[in-house]
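J.: In this note's numbering, the protein residues as written are 291 to 477.
Heads up, the beta-carbon is just placed ideally off N, CA and C, and yes, glycines get one too.
Remember, predicted model here, so these are calculated numbers, not experimental data.
Supplied in structure tokens, the structure appears directly below.
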């Protein structure tokens, strides 16, 4: 498990190390196309998890230029899949694969955040800080911290540090990082 310690030299607090992990499926690999075909079949039969995975991974192998993963995210989100609700909200905020609609995006974020998805809680906090609604921003920021969502742990710690709010002292930031389940990531 990773351990974060306060550097003795406070000037070192501004150093940030970021890693981005990604992968792509080979479009020409028959096995990948076969797996996606199976997922598509389940998605078309109404399986919300399959709909989410089809939206997420089919664009890597799908040859149809009109394929719209946002439609599949919507179907999955309607059935309560928090990750799909979050990603649909992201698409709505950007107008990617759909018309931009911030109200609907916030509604989907609230649904997924209510399911304790730390990414949604953190996104809501940042959005509410942007519009200067501090009460809602702090509410969702506290929820994001409590979620111990390892996917946002590093970004959240950086955000808390930059926020420079006495409510979130450095010890809390370090505690947040130490409690996050970073072990599931391999580098």
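Taking the C-alpha atoms as reference points, what is the distance between residue 341 and residue 363?
T.: Here residue 341 corresponds to residue number 51 of the chain shown, with the count starting at 1. Here residue 363 corresponds to residue number 73 of the chain shown, with the count starting at 1. Their backbone Cα atoms lie some 7 Å apart in a straight line.
J.: Secondary structure at residue 380, three-state DSSP: helix, strand or coil?
T.: Residue mapping note: residue 380 aligns to position 90 of the chain shown, counting from 1. Reduced to three states, the DSSP call for residue 380 is helix.
J.: Going straight from the alpha carbon of residue 311 to that of residue 393, what length do you get?
T.: Position 21 of the chain shown holds residue 311. Position 103 of the chain shown holds residue 393. Only weak support is given to the placement of residue 311: the predicted model assigns it a pLDDT of 46, under 50, and the question is left unresolved by the model.
J.: Taking the Cβ atom as the reference point for each residue, do residue 375 and residue 398 lie within a distance shorter than 8 Å?
T.: Stepping through the chain shown from its first residue, residue 375 is reached at position 85. Stepping through the chain shown from its first residue, residue 398 is reached at position 108. In contact: residue 375 and residue 398 (Cβ atoms closer than 8 Å).
J.: Got a sec, what are the start and stop residues for the alpha helix (DSSP H) residue 414 sits in?
T.: The residue given as residue 414 occupies position 124 in the chain shown. Unbroken alpha helix (DSSP H) run through residue 414: 408-420.
J.: Mapping DSSP to helix, strand and coil, what is residue 371?
T.: Indexing the chain shown from 1 puts residue 371 at position 81. Here residue 371 sits in coil by DSSP.
J.: Is residue 457 helix, strand or coil when you go by DSSP?
T.: In the chain shown, the residue the question calls residue 457 occupies position 167. In this structure, residue 457 counts as coil in the three-state DSSP scheme.
J.: Among 367, 349, 355, 353, which residue has its Cα nearest to the Cα of residue 337?
T.: If you number the chain shown from 1, residue 337 lands on position 47. Checking every option, the nearest Cα to that of residue 337 belongs to 367.
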